[in-house]
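Report on one structure; see the data block that follows.
Numbering (my numbering), first residue to last: 40 to 475.
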């Protein structure tokens, strides 16, 4: 028996318990005492074995009833602070009594089935983890507030199915729906469990294990984050749940690896392109729109008379409307192809056609190899040439839908003004694909 009212039972070397499971536990006022039957000289006795004032004491009784009475008296003395078992100062006794009252709880409250030392240990560990930033009560109240309503249970696969259905009903582009499906179908295959059981550690391990390029892994991370937010908004996850908390933010591109096309390479791409893909190439190269933004572009968004392209908020990656100037050479390429309305590029698989166009630049007769398709190089070249032309990075950043910092680190390759002039001086030839 100790100050925390938990009795430690230790048998003497020359005694043994007559039958397994015969040890009894006497409880009162939150203090427990163990009573064990022991054979002594062929007779069963009942012993209370405890330490008091640093010394071991044994209390023997001939019957269990007498042993219980002895335990009862010992507990009463401990509670009153009068026992030789535990000498408590008055203030300490009051602390012990109040602690027991907290554990027992008020009328109608649930009693905590733990000893004082266990509860004190838990609260101390919690406070150390919080490091003074919040109190255990504050954290508990916040958790209860966020989890006041029991969340519906749903598996990852079912949630992915619902999200894909909603993406279609919301009119998301084919490209966006394809991206969601590619990432989340693979995600669902790896996690046959409820969404509420996933954690940042699980997500981090999953992303680390993907045998993908850095940029592709970044795309997977972004889509999973979008899926996480969708689940929170629809009540499948508690508010504030962030699967990506502490998860590595993969880089979209290694800095310094900025690819551009030369004016001669651009002329070869244009010459190899047909009318279906030509608008994507020239708008990307001479206006700097993103691949996906061009795919969503309608002819009504291009004002050939006033000389600008409107990228509507719903079509922009950043969900922000912007106006992009229409360069003279771009206008010359688009005029023969222009329509009153409809998709500027109606192809479903533009990537396939762009790769084919790059392959078609081969000139076997003159022993000229085909060009390699460079990811985002048209947009990189436009931004680099536009900055060389006007010298105004913030202005170009606004036209491109990026911050000046991102323009400098991810897109800008220094060009001479003469190279920029040559780039924007590329015009349709008489044998332009517009006649194809």
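Ideal placement from N, C-alpha and C gives every residue a C-beta, glycine not left out.
Member of the options whose CA lies at the smallest distance from the CA of residue i
| i | options | result |
| --- | --- | --- |
| residue 346 | 80, 322, 329 | 322 |
| residue 325 | 442, 463, 358, 191 | 463 |
| residue 397 | 406, 309, 404, 165 | 309 |
| residue 375 | 271, 278, 466, 163 | 466 |
| residue 333 | 435, 150, 320, 274 | 320 |
| residue 306 | 105, 100, 143, 468 | 468 |
| residue 190 | 429, 276, 445, 431 | 276 |
| residue 220 | 197, 234, 451 | 197 |
| residue 142 | 133, 82, 158 | 158 |
| residue 423 | 214, 97, 302, 164 | 302 |
| residue 351 | 342, 336, 344 | 336 |
| residue 195 | 213, 173, 236, 177 | 236 |
| residue 425 | 228, 299, 106 | 299 |
| residue 239 | 216, 192, 151, 264 | 264 |
Range covered by the alpha helix (DSSP H) that runs through residue i
| i | result |
| --- | --- |
| residue 201 | 195-208 |
| residue 391 | 389-398 |
| residue 271 | 253-272 |
| residue 143 | 129-143 |
| residue 164 | 155-169 |
| residue 304 | 302-311 |
| residue 219 | 213-229 |
| residue 16 | In the structure as shown, the chain starts at 40 and stops at 475, and residue 16 therefore has no counterpart that could be examined. |
| residue 36 | No statement about residue 36 is possible, as the shown extent of the chain runs from 40 to 475 and does not include it. |
| residue 478 | A question about residue 478 goes unanswered here, because the residues of the chain that appear run from 40 up to 475. |
| residue 368 | 367-373 |
| residue 357 | Neither: residue 357 is in no alpha helix (DSSP H) and is coded neither H nor E. |
CB of residue i within 8 angstroms of CB of residue j, strictly
| i | j | result |
| --- | --- | --- |
| residue 455 | residue 427 | yes |
| residue 110 | residue 136 | no |
| residue 76 | residue 65 | no |
| residue 130 | residue 72 | no |
| residue 381 | residue 338 | yes |
| residue 262 | residue 223 | yes |
| residue 329 | residue 289 | no |
| residue 138 | residue 155 | yes |
| residue 371 | residue 214 | no |
Exposure of residue i, with buried meaning 16 or more beta-carbon neighbours within 10 Å
| i | result |
| --- | --- |
| residue 50 | With a pLDDT of only 38 at residue 50, under the threshold of 50, the placement of this residue in the model should not be trusted; the figure read from the coordinates follows. Classification of residue 50: exposed, given that the 10 Å Cβ count is below 16. |
| residue 287 | exposed |
| residue 457 | exposed |
| residue 267 | buried |
| residue 218 | buried |
| residue 411 | exposed |
| residue 311 | buried |
| residue 435 | buried |
| residue 234 | buried |
| residue 81 | exposed |
| residue 421 | buried |
| residue 297 | buried |
N- and C-terminal bounds of the beta strand (DSSP E) containing residue i
| i | result |
| --- | --- |
| residue 364 | 361-364 |
| residue 350 | 347-350 |
| residue 64 | 63-67 |
Any C-beta of chain D under 8 angstroms from that of residue i
| i | result |
| --- | --- |
| residue 459 | Although the question refers to chain D, the structure presented lacks it and comprises just one protein chain. |
Original post:
Counting Cβ pairs, one atom from each stretch, are 3 or more of them under 8 angstroms apart for the stretch 305-318 and the stretch 384-402?
Top reply: Remark: three or more beta-carbon pairs, one from each stretch, lie closer than 8 angstroms, so the stretch 305-318 and the stretch 384-402 are flagged as touching.
Subject >> Contact the stretch 410-430 vs the stretch 353-363: 3+ CB pairs below 8 angstroms >> reply: No, because fewer than three Cβ pairs between the stretch 410-430 and the stretch 353-363 fall closer than 8 angstroms, the two stretches do not touch.
Original post:
For the stretch 276-284 against the stretch 362-376, are there 3 or more C-beta pairs whose distance is under 8 angstroms?
Top reply: In this structure the stretch 276-284 does not lie against the stretch 362-376, because fewer than three pairs of beta carbons, one per stretch, are closer than 8 angstroms.
Original post:
Does the count of Cβ pairs from the stretch 235-255 and the stretch 197-210 closer than 8 angstroms reach three?
Top reply: No: the two stretches stay apart, fewer than three of their Cβ pairs being nearer than 8 angstroms.
Subject >> At least three beta-carbon pairs within less than 8 angstroms, the stretch 162-171 to the stretch 194-203 >> reply: The stretch 162-171 is not in contact with the stretch 194-203.
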